[in-house]
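Enquirer: Starting off with a structure, shown below.
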Amino acid sequence: MNKQLAILCVDDEPVILESLKEQLKRHLPQNYELESAESGEEALEVIAELYQEGLEVALVISDQIMSGLQGDELLIQLHQNYPQMLKIMLTGQADVQSVGNVVNQASLYRYISKPWDETDLILTVQEALRRYTQEQQLLEQNQKLQELNIELQQLNISLEQKVTERTAELEQAKQAAEVANQTKSTFLANMSHELRSPLNAILGFAQLMNRSKTLSPEHQEQVEIILQSGEHLLNLINQLLDLAKIEAGKITLNETNFNLYNLLQDLEDMFSLKAQNENLFLKFTCAETVPEYICTDQIKLRQILINLLNNALKFTSKGGINLTVACRLIASSQIRLIFAVKDTGVGIEPEEMNQLFQAFTQTKTGKETQEGTGLGLSITQKFVQLMGGEIQVNSQVGMGTTFTFDIQAHSIENIDLSPEIYPKQVIGLVPHQPAYKILIVDDKFSNRKLLFQLLQPLGFQLKEAANGKEAVEIFQGWKPDLIFMDMIMPIMSGSEATQQIKSSSKDNNTVIIAVTATVLEDQKAQIFAMGCDDFITKPFREFHIFEMMKKYLGLEYIYAEPTPNLFKPPNSILTHESFNQMPSAWVDELYQASMDLDYDLVLDLIQEIPSEQAGLSQTLTDFVSNYKLDQIFNIIQTIKNNEY
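Throughout the sequence shown, residue numbering follows full-length UniProt numbering, covering 1 to 644 in sequence.
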């Protein structure tokens with residue numbers, strides 16, 4: 001960027017305006033032109049003069065309530081005329097409507113309340129300027145690349161003799177594209193970091209509420225919706241991160257031993273209720289030659305199947321979805337698994353097939369639904385290729401679509417099975433263990449409260465700190481056994497606090513776990529270099545916290561009874577025929593009891609089933625044992641609907 005950048009401060013109170021300018025001058029480099037205006041009208045004039053003088057206004061910091069043009073009106077007008085300009089509202093009297101207007105119509109970068117914290121203000125301004133510079137550099141690089149392509153086309157038409165020069169320029173253009181691509185990936189990762197932090201509180205407190213046994217069915221359903229929506233948002237963010245990692249060449253295989261049947265059953269449970277609600281069938285078929293225990297990257301295989309099943313359900317309004325799994329032996333224990341996801345949905349237009357696996361590209365139907373990011377299939381293809389396979393698609397408009405992919409894997413004996421990745425719920429500590437002291441450090445009250453409420457019922461001694469300085473002071477007088485340390489905080493960062501604590505004495509055994517939204521590998525390396533023993537990324541799951549404490553403190557937990565999770569054959573599914581031998585009055589009573597979540601009455605009704613109907617009795621008992629009365633209710637309701 002060749003133009004000098006300017007920052008404009010707008011406030012109708014000269015004292016505040018002077019204080020703001022003085023703080024910015026003290027912390028920002030001298031190469032920024034710092035201007036001020038005491039009204040919205042004057043601000044527009046100053047900006048026009050700056051552009052006439054050849055300067056570029058990168059950032060405007062404006063008060064809201066002023067005489068004449070209000071702050072939100074000013075920022076909206078500036079966004080219309082200078083969309084690339086970043087805007088910060090700095091005020092203590094703005095109403096919700098004003099803030100909403102400027103967020104929706106002016107792409108507000110940040111809102112800071114008066115009186116402001118100087119450190120928070122400077123960090124926000126520095127980050128805004130850094131973002132503005134990166135975006136302008138990326139724009140300039142793209143413009144340069146376009147100019148190079150146009151120039152190359154002109155040279156190709158008029159100057160055949162300059163082939164050597166043309167080749168060199170193409171190479172230069174390629175390098176510029178790679179730089180631009182890397183800049184984009186870094187930008188995506190940074191923005192995803194900003195989005196993951198608030199999700200930590202949303203998902204964390206929803207998990208805590210979901211553990212409660214006192215929630216009404218209505219509130220339980222609402223908590224489930226919060227969890228599902230949060231998980232969906234996290235999935236979208238993770239897709240952006242996966243894309244950035246793929247483009248940077250940092251995606252690798254993480255092969256583990258696991259039970260394939262359990263994975264398929266988990267996915268069937270996950271999607272069956274949604275399919276039933278849409279009046280669609282969902283059928284999983286596994287060939288006899290498919291081994292139960294395999295070794296491959298379970299996380300990536302699970303994500304591939306989730307992406308394909310989600311797409312199938314999204315674009316199918318009648319009929320249903322079939323998932324089939326087959327196996328072909330390659331050599332010894334080496335196998336190739338073939339998966340096919342077939343739906344009876346709307347199908348894909350022939351002209352859209354070539355663009356199906358391109359990032360940020362959606363089909364016509366996908367755009368009409370206004371769902372997703374256009375990344376799912378692109379990431380799916382990359383994962384399949386990484387796992388040694390290929391993915392293909394066959395589709396006919398109005399008839400449906402079939403996605404088929406294969407992956408390499410190894411069949412294993414069940415004695416080699418790795419620990420199951422699906423965690424058991426911790427409900428207490430085994431008696432006679434030390435009362436460990438845990439310090440929770442985070443500048444966000446919601447994040448501290450989340451960890452506090454998660455750990456307090458288990459009997460730990462807990463203390464909190466809102467910044468690194470408080471953490472160091474508490475450590476010196478309390479000597480906690482373990483510290484959960486946020487990294488980015490005002491006054492003193494988590495990294496500085498960690499370094500001070502770790503260097504305080506040679507016999508210091510305090511474990512420090514970094515809790516961060518950082519996802520880039522080089523930043524993780526920095527966390528370890530600062531002295532942290534380990535790290536957990538936000539948003540975390542409660543079992544991550546418990547497993548980390550078990551790893552470093554040697555804790556022994558009391559777990560809730562595990563829920564059986566076996567890949568069941570088709571004869572365990574309840575159908576209309578399952579209830580043929582039972583009186584209609586009995587079916588109606590079971591329907592009402594399952595709707596009322598009356599477990600005792602359901603068990604009494606099961607006792608009335610004749611011995612000849614042992615299969616029905618066992619299936620209903622399994623549903624009750626797994627707390628799935630909702631599925632009994634949904635099945636009977638579907639049967640009743642089909643009778644009319």
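Idealized CB from N, CA, C, for every residue including glycine.
Does the Cβ of Ile7 have 16 or more other Cβ atoms within 10 Å, making it buried, or fewer, making it exposed?
Expert: By the 10 Å Cβ count, Ile7 comes out buried.
Enquirer: The alpha helix (DSSP H) that contains Ser19, what's its start and end?
Expert: Counting along the chain, the alpha helix (DSSP H) containing Ser19 begins and ends at 14-27.
Enquirer: Any idea if Val96 is buried or exposed, counting beta-carbon neighbours within 10 angstroms, 16 or more meaning buried?
Expert: When all chains shown are included, Val96 counts as exposed.
Enquirer: In terms of alpha-carbon separation, which member of Gln161, Glu147, Gln154 lies closest to Lys174?
Expert: The option with the nearest alpha carbon to Lys174 is Glu147.
Enquirer: So who's on the other strand from Glu464, going by DSSP bridges?
Expert: Partner(s): Ile440.
Enquirer: Which whole runs of the alpha helix (DSSP H) in the stretch 207-285 are 4 residues long or more, in chain order?
Expert: Those alpha helix (DSSP H) runs which fall completely within the stretch 207-285 and span 4+ residues are 217-247, 260-277.
Enquirer: Who does Glu33 pair with in a DSSP beta bridge?
Expert: Answer is Ala6, bridged to Glu33.
Enquirer: Terminal residues of the continuous beta strand (DSSP E) containing Ile391?
Expert: Ile391 -> beta strand (DSSP E) spans 391-396.
Enquirer: Let me know the secondary structure DSSP gives Leu375 once reduced to three states.
Expert: Coil, per DSSP.
Enquirer: Do the CB positions of Phe339 and Phe271 come within less than 7 Å of each other?
Expert: Going by C-beta atoms, Phe339 is not nearer than 7 Å to Phe271.
Enquirer: How big is the Cα-Cα spacing for Gly68 and Gly40?
Expert: One C-alpha to the other measures close to 7 Å.
Enquirer: Taking the DSSP output, what are the residues bridged to Ser62?
Expert: Bridge partners of Ser62: Val10, Met89.
Enquirer: Taking 7 Å as the cut-off, decide whether the C-beta atoms of Gly347 and Thr402 are in contact.
Expert: No, they are not a contact pair.
Enquirer: Which term fits Val15, buried or exposed, when burial requires 16 or more other beta carbons within 10 angstroms of its beta carbon?
Expert: Exposed is the call here.
Enquirer: Would you list the one or two residues that DSSP bridges to Gly428?
Expert: Its beta-bridge partners are Ile558.
Enquirer: Mind checking which residues open and close the alpha helix (DSSP H) that includes Val325?
Expert: First-last for Val325: 320-331, but that is the beta strand (DSSP E), not the alpha helix (DSSP H).
Enquirer: Taking only the alpha-carbon atoms, compute the straight-line gap between Arg302 and Glu292 and give it to the nearest angstrom.
Expert: If I take the Cα positions, the gap works out to 15 Å.
Enquirer: Please report the Cβ distance between Thr440 and Glu470, rounded to the nearest whole angstrom; I am assuming they are in contact, meaning their Cβ atoms lie under 8 Å.
Expert: Sequence inspection shows Ile at residue 440; the Thr mentioned does not correspond to that position. That pair is no contact at about 11 Å.
Enquirer: Could you say if the stretch 199-210 and the stretch 531-551 meet the contact criterion of at least three C-beta pairs nearer than 8 Å?
Expert: Flag = yes, the stretch 199-210 and the stretch 531-551 touch.
Enquirer: Which two residues bound the contiguous alpha helix (DSSP H) that contains Tyr111?
Expert: Run containing Tyr111: none in the alpha helix (DSSP H); it sits in the beta strand (DSSP E), 110-113.
Enquirer: Please classify Asp588: is it buried, with 16 or more other beta-carbons within 10 angstroms of its beta-carbon, or exposed?
Expert: When all chains shown are included, Asp588 counts as exposed.
Enquirer: May I ask which residues mark the beginning and end of the alpha helix (DSSP H) holding Gln134?
Expert: From DSSP, the alpha helix (DSSP H) with Gln134 extends over 118-158.
Enquirer: Give me whichever residues DSSP pairs with residue 672 in a beta bridge.
Expert: The structure shown does not extend to residue 672, since the chain is modelled only from 1 through 644, so no value can be given for it.
Enquirer: How many Å lie between Asp269 and Gln220 at the Cα?
Expert: Each residue's Cα considered, the two are about 18 Å apart.
Enquirer: Please state whether DSSP places Tyr422 in a helix, a strand or coil.
Expert: Residue confidence is low: Tyr422 scores 49 on pLDDT, short of 50, so the model does not pin down where it sits. Its coordinate-derived value is still stated next. Tyr422: coil per DSSP, three-state reduction.
Enquirer: For Lys538, does the three-state DSSP call read helix, strand or coil?
Expert: Correct three-state label for Lys538: coil.
Enquirer: Give the DSSP bridge partners of Val511, in chain order.
Expert: Beta-bridge pairing links Val511 to Leu482.
Enquirer: Taking the C-alpha atoms as reference points, what is the distance between Leu234 and Ile202?
Expert: About 11 Å.
Enquirer: Determine whether the beta carbon atoms of Glu169 and Leu145 lie at a separation below 7 Å.
Expert: No. Outside cutoff.
Enquirer: So the candidates are Leu377, Trp586, Gln613, Gly615; which of them puts its Cα closest to the Cα of Asp604?
Expert: For Asp604, the nearest C-alpha among the options comes from Trp586.
Enquirer: Put Leu417 into one of helix, strand or coil per three-state DSSP.
Expert: Per-residue confidence for Leu417 stands at a pLDDT of 47, beneath the threshold of 50, marking its modelled position as unreliable; the derived number appears in the next sentence. In this structure, Leu417 counts as coil in the three-state DSSP scheme.
Enquirer: Assuming contact is defined by CB atoms lying nearer than 7 Å, are Leu59 and Glu33 in contact in what I supplied?
Expert: Not in contact: Leu59 and Glu33 (Cβ atoms no closer than 7 Å).
Enquirer: Taking the alpha helix (DSSP H) that Ala43 falls in, what are its first and last residues?
Expert: Where Ala43 is concerned, the enclosing alpha helix (DSSP H) stretches over 40-52.
Enquirer: Quick one, which of Lys538, Ile379, Phe528 has its alpha-carbon nearest Leu450's?
Expert: Of the candidates Lys538, Ile379, Phe528, the one whose C-alpha sits nearest the C-alpha of Leu450 is Lys538.
Enquirer: Quick check: what's the CA-CA separation for Ile636 versus Leu121?
Expert: If I take the Cα positions, the gap works out to 59 Å.
Enquirer: For Asp343, does the three-state DSSP call read helix, strand or coil?
Expert: DSSP places Asp343 in strand when its eight states are reduced to three.
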